Amino acid sequence: MIPGEYLFAPDDIELNAGAAVLELDVVNTGDRPVQVGSHVHFPQSNPALDFDRTAAHGRRLHIPAGTAVRFEPGVAQRVRLVPLRGRREVHGLTLDAPGKLDGDEPLARRADGRGPA
């Protein structure tokens, strides 16, 4: 092995293997493009994006880490979401209350009534 060398497995790696996938339609109602990164708690994404935020609670985009999806103004597109894993806590993504996604102290509901923060 050479220092810094990458050794790749011969088979493809399945992204989010075994995760429950949810498909949602999203429309950017704003006047500028919006990008959402791979590990953003999707309901906390840009408020110009119109979609079922309650259904998306606790989920992120089903895309490779470090990538993003771009939403053009007025264009509807379908996205695939998977559950956030690990400790399932969200901190610092928006001004909404941070905290656990599940359990006794879930994230507070948005003040505008659009579902979980």
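Take the sequence shown: its letter number 56 is residue 1085 in my numbering, and every next letter is one higher. Note that the Cβ used here is the ideal one computed from N, Cα and C, for glycine as well. Here the structure is a predicted model, which means the values were calculated and not measured.
Taking the Cβ atoms as the reference, P1112 lies roughly 6 Å from A1049, within the contact range of under 8 Å. One Cα belongs to G1059, the other to Q1106, and the distance between them is close to 14 Å. Between the beta-carbon of V1108 and that of V1055 there is about 6 Å, and that keeps the pair under the 8 Å contact cut. The alpha-carbon separation between R1117 and L1090 amounts to approximately 15 Å. It is roughly 15 Å from the alpha-carbon of S1074 to the alpha-carbon of L1130. Per DSSP, the unbroken beta strand (DSSP E) holding R1088 starts and ends at R1088 to L1090.
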